Amino acid sequence: YVSGVSRDVRQHHLRAMLADVTGVGVHAFVDADRFGTTTAVTLVADAAPAFRAAVGRGRAATVLRLLPVADPWSPALLGAAR
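Each position in the sequence shown, counted from 1, maps to that position plus 100 in the numbering used here.
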């Protein structure tokens with residue numbers, strides 16, 4: 101799970117936006133779904149270490165924050181109602 105993805109980014113653009121920010125190839129992203137203020141990211145196994153490393157440095161570090169042990173259904177992560 102990561103936080104920092106704007107709610108303005110359309111669902112069908114999530115994979116491309118995450119690939120652009122992290123530098124991980126877009127085809128490495130199997131799925132990206134929103135859970136309130138967090139985004140669940142599913143990657144092919146080979147890309148997971150590169151994604152974790154990319155989130156912690158450079159441009160991605162200013163936008164994204166990795167939540168390694170997150171419960172997306174917790175009130176803190178669901179965020180405010182729209």
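For glycine and all other residues, C-beta sits at the position ideal for the given N, C-alpha and C. Since the structure is predicted, the reported quantities are computational estimates derived from the model, not experimental observations.
Beta carbon of residue i, beta carbon of residue j: below 8 Å?
{"i": "R159", "j": "V126", "result": "no"}
{"i": "R115", "j": "F129", "result": "yes"}
{"i": "A154", "j": "V109", "result": "no"}
Would DSSP call residue i helix, strand or coil?
{"i": "T138", "result": "strand"}
{"i": "V163", "result": "helix"}
{"i": "V102", "result": "strand"}
{"i": "G123", "result": "coil"}
Who does residue i pair with in a DSSP beta bridge?
{"i": "A132", "result": "V141"}
Quick check: what's the CA-CA separation for residue i versus residue j?
{"i": "R165", "j": "T138", "result": "9 Å"}
{"i": "P175", "j": "D146", "result": "32 Å"}
{"i": "A170", "j": "L143", "result": "17 Å"}
Going by Cα to Cα distance, which pick from the options is closest to residue i?
{"i": "W173", "options": "F151, D133, M117", "result": "D133"}
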